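> Going by the numbering used here, the final residue of the sequence shown carries number 555, and the count climbs one at a time with no gaps. First, the structure itself, so that you have it in front of you.
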Amino acid sequence: MSQPDVTVIVAVYNTMPYLTSCLTSLVQQTIGLERLEVIAVDDGSTDGSEAELDRFAERYPGTFTVLHQPNSGGPATPSNRGLDHARGRYVFFVGSDDHLGPEALERLVDAADRWGSDVVLGRMVGANKRYVHQAIYASTEEQVDLFDSALPWSLSNTKLFRRDLIERHGLRFREDMPMGSDQPFTLEACFRAGKISVLADYEYYYAVKRENAQNITYASRFEERLRCAEELLAYDAGLIEPGRRRDAIVVRHFTWEVAKLLRPEFLELTPEVQQQVHDRIRKLTETYLTDGVRDQLDADIRLRLLIARDADLDRLGELIRQQAGRTLPEVTVEDGRWYAHYVGFRDPALGYPDDWYDVTDQVAKQLAQLTATELAWGRDAAGARALVVTAQSRWAELAELTEGAVRVSVGELTGAMSMSPGGPGTVVRTDFAVDQLLAVVAPSGERRVVRAEVTALGGTGSAPLRTERRIAAPRLLARRGVQLHLVTPTTNHKGQVIVAITPVTPGRFVARLRRMWPSGGK
C-alpha cells in the first residue's frame with residue numbers, strides 16, 4: 034500500500050450533525066482520495082456520531098479508518114491514538130464540528146513540499162459567528178518566526194505538520210490536560226520546526242460555533258481552566274530559556290488563559306473559592322510575570338494581573354467591577370492626559386506609575402457612551418415630522434471636550450444634534466426627519482442601531498446608544514412615494530436603541546386588520 038501524502042486525524046465526541054459536514058469536506062478534497070488517509074477516533078459518542086463514522090468508513094474503505102474507544106474525557110487521547118496509526122508524510126488535525134475548503138489539503142501539501150516547511154498554517158475563518166484571531170493570516174509568508182510573529186496567538190493544532198518532525202521529537206498531546214492539550218503539542222512542534230509557513234490566500238479551515246452548544250458554567254469548569262493556565266506556563270518555562278523569546282509566548286497565556294479568569298464571573302464564585310483562585314493566580318504572576326511580559330500586556334489586563342499579585346481579594350474584586358463598567362471611574366486630568374482612578378492609582382504602597390492609569394486614548398470612546406432617556410415624535414427645525422432621540426451624557430464638559438464633534442446616526446443618516454446642560458452632565462437631543470429615515474432604508478426594510486460617534490483629544494470613538502430601562506415611541510405609519518412603512522423606535526434585547534422600518538405589504542395590512550377586528554367581532 035502506497036504512503037498517503039497526508040493523514041487527517043479527527044477526534045470525535047457527539048458532534049452530529051456537524052460531523053457529516055466535516056467528513057464530507059474531507060472526501061471532497063481536490064487532493065484526491067488516493068493521496069489522503071482519514072483516521073477518525075470515536076471517543077465514546079452517544080449521539081449517532083459513531084454510526085456516521087462507520088457509514089463513511091464503509092463507503093470509503095480505502096480512505097477511512099475508524100477507531101472506537103470508551104470516552105477519555107478530552108481530545109488528547111483520541112488524537113494520540115490517531116497519531117499512532119498515521120502513515121501520511123504530513124498530518125493534519127480537524128475538529129469534528131469544523132470543515133475544510135475543497136482545495137485546502139492540496140494547497141497545504143503543495144506549499145510544504147515547495148518550501149520544505151515542517152509546519153504550514155492555512156487561513157482559518159469563523160463560521161456561525163465564531164471568533165478566530167486573524168493576525169497571523171495577514172499575508173502569505175514562506176517563513177515566519179515563532180517569537181517575532183502573531184503565531185503565539187494561534188496555537189491550536191489545526192495545522193499541517195510534517196509527520197517526521199512529530200515522530201523525531203516524540204510529540205504527543207498531554208492526556209492529563211482536559212483543556213488546552215493541543216497547545217503544548219503545537220508550541221513544541223513550532224519550536225522544533227525548521228520552517229513555519231503561512232498561507233493567507235484561501236479560506237482553508239472553517240471553525241464552526243455550534244448553535245446547540247451547551248453553556249458550561251464558569252464555576253463548573255473553572256478548575257480546569259485554571260489548571261490549564263498553570264500547566265501551559267510551566268510547559269513554556271520547561272521548553273524555552275528565560276528572556277525575550279519565552280516572554281513572547283507567556284504574554285499570550287497571561288492574556289487569554291489567566292486574565293480571562295478574572296472577569297466579572299469570578300465575583301460569582303464563593304468567597305472561599307475566590308481566595309483560592311486569587312492565591313494561585315498570584316503565584317503565577319510571581320513566577321512568570323516578568324517585566325518584559327508586563328510591558329507587552331494591554332493596560333487593563335496588566336493592571337488586573339498586577340493587582341492580583343500585589344493587593345488583597347477585596348481590592349481585586351473592586352477592580353474587576355470597575356473594569357466591567359461601561360464608563361470610566363473618576364478621572365484626573367493633567368497636562369492634557371487623562372488618568373482613571375482605578376484601584377491602586379497613586380497608592381504609595383503600590384507605587385505604580387501614572388502611565389498605567391493613562392486612559393487618554395480611550396476618552397473618545399467613553400464620551401460616545403450616551404444613555405437614551407426618551408424616544409418621541411416631534412418636529413425638526415424645518416418643521417418636518419421627526420424622530421426625537423434624547424440622551425444623557427455623564428460629562429458636563431462634553432461640548433468643550435469634543436468641540437461640538439458629536440454625531441448621532443441611524444445607519445448612514447446623521448441626525449441634527451444639539452447639546453445643553455442638564456441632569457448630571459449634558460443632554461444630547463437628535464432629530465431624524467422621517468422622510469430622510471425612509472430614504473436611506475432598503476426596500477425590504479431594516480433594523481438599525483442608533484450610534485453616537487465622538488472626536489476628542491485626537492481620537493474617534495463610537496458606541497451604540499443604550500438605555501437603563503426599556504423605552505419606545507409609538508409606531509408611525511409613513512409614506513415614501515406609494516409605499517407605506519411602519520417606523521418603530523424601540524430597544525433591543527441588548528438595551529440598545531434601534532429603529533425598525535418595515536414596508537407595509539397588502540398581506541401584512543390584512544393580517545393587521547384581522548388582529549384588530551377578529552372574525553365574529555362587532
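Beta carbons: idealized from backbone N, C-alpha and C, even for Gly. Because the structure is a prediction, the values reported are computed rather than measured.
Return the first residue and the last residue of the beta strand (DSSP E) that Gly155 is part of.
In the DSSP assignment, Gly155 falls within the unbroken beta strand (DSSP E) covering 152-155.
> According to the Cβ coordinates, are Arg335 and Arg327 closer than 7 angstroms?
yes
> Would Lys192 be called buried (16 or more neighbouring beta carbons within 10 Å of its own) or exposed?
Burial of Lys192 is indicated by the presence of at least 16 other C-beta atoms within 10 angstroms of its C-beta.
> Is it the case that the Cβ atoms of Asp468 and Ala419 are separated by a distance below 7 angstroms?
no
> Can you check whether the CB of Val241 is closer than 7 angstroms to the CB of Phe125?
no
> Indicate the three-state DSSP secondary structure (helix, strand or coil) for Gly478 in the structure shown.
Judged by DSSP in its simplified three-state form, Gly478 adopts coil rather than helix or strand.
> May I ask you to report which of helix, strand or coil DSSP gives His286?
DSSP places His286 in the helix class (H, G or I) of the three-state scheme.
> Can you say whether Asn161 is buried or exposed, counting buried as having 16 or more other CB atoms within 10 angstroms of its CB?
exposed
> Consult DSSP for Gly416 and reduce its assignment to one of helix, strand or coil.
Note: Gly416 maps to coil in three-state DSSP.
> Counting C-beta neighbours from all protein chains within 10 Å, is the total for His202 16 or more, i.e. buried, or is it exposed?
exposed
> Tell me which same chain residues have a C-beta within less than 7 angstroms of the C-beta of His30, skipping the five on either side of it?
Given that the chain is displayed from residue 34 to residue 555, the structure contains no residue 30 and the question cannot be resolved.
> With a threshold of 16 other CB atoms inside 10 Å of the CB of Asn248, please say whether the residue is buried or exposed.
Low local confidence applies: a pLDDT of 32 at Asn248 is under 50, so the model's placement there is unreliable, with the coordinate-based value given in what follows. Asn248 is exposed by the Cβ-count criterion.
> Are there 16 or more other CB atoms within 10 angstroms of the CB of His526, so buried, or fewer, so exposed?
Classification of His526: exposed, given that the 10 Å Cβ count is below 16.
> Give the list of continuous alpha helix (DSSP H) stretches no shorter than 4 residues that lie fully inside the region 41-70.
If only complete runs of 4 or more residues are kept, the region 41-70 shows the alpha helix (DSSP H) at 51-60, in order along the chain.
> Which residues bound the alpha helix (DSSP H) around Leu272?
251-272
> Check Gly377 in the structure and name its three-state DSSP category.
coil
> So what's Val291 in DSSP terms, helix, strand or just coil?
helix
> Do you know how far the Cα of Leu69 is from the Cα of Arg56?
Strictly speaking, residue 56 in this sequence is Leu, with Arg absent from that position. Answer to the nearest angstrom: the Cα atoms are 13 angstroms apart.
> In three-state DSSP terms, what is Glu305?
helix
> Nearest to Val310 by CA position, among Leu346, Arg278, Thr393, is which residue?
Comparing Cα-Cα distances from Val310 to each of Leu346, Arg278, Thr393, the minimum goes to Leu346.
> Classify Ala252: buried if its beta carbon has 16 or more other beta carbons within 10 angstroms, exposed otherwise.
Summary for Ala252: the model assigns pLDDT 40, below 50, so the residue's position carries little reliability; its value from the coordinates is reported in the next sentence. So Ala252 counts as exposed.
> Hey, would you say the C-beta of His166 is under 6 angstroms away from at least one heavy atom of the ligand SAM?
In the structure shown, the ligand SAM is absent, as is every other ligand, since no ligand is present at all.
> Quick one: grab the DSSP three-state call for Ser112.
Note: Ser112 maps to helix in three-state DSSP.
> Please report the straight-line C-alpha distance between Ala222 and Val474, rounded to a whole angstrom.
52 angstroms
> So Ser82 is in the alpha helix (DSSP H); what residue range does that whole segment cover?
Residues 82-92.
> Can you give me the C-alpha to C-alpha distance between Thr250 and Leu259, rounded to a whole angstrom?
Caution applies to Thr250, whose pLDDT of 35 falls short of 50 and renders its modelled position unreliable; the value that the coordinates give is listed next. Roughly 14 angstroms separates the two Cα atoms.
> Going by DSSP, name the residue or residues bridged to Gln425.
Thr404, Val460
> Please return the same chain residues whose Cβ sits closer than 8 angstroms to the Cβ of Arg277, not counting the five positions on each side in sequence.
Phe180, Gly325
> So does the region 407-426 actually touch the region 385-393, counting three or more Cβ pairs closer than 8 angstroms?
no
> Classify Leu133 as helix, strand or coil using the three-state DSSP reduction.
strand
> Report the CB separation of Ala489 from Leu434 in whole angstroms; it is logged as a contact under 8 angstroms.
5 angstroms
> Kindly indicate which three-state DSSP category Gly276 falls into: helix, strand or coil?
coil
> When you compare each of Arg499, Ala496, Ser112, Val520 to Ala506 by their alpha carbons, which one comes out closest?
Val520
> Measuring CB to CB, does Glu236 end up less than 7 angstroms from Val158?
yes
> Rounded to a whole number of angstroms, what is the C-alpha to C-alpha distance between Trp186 and Asp117?
Roughly 28 angstroms separates the two Cα atoms.
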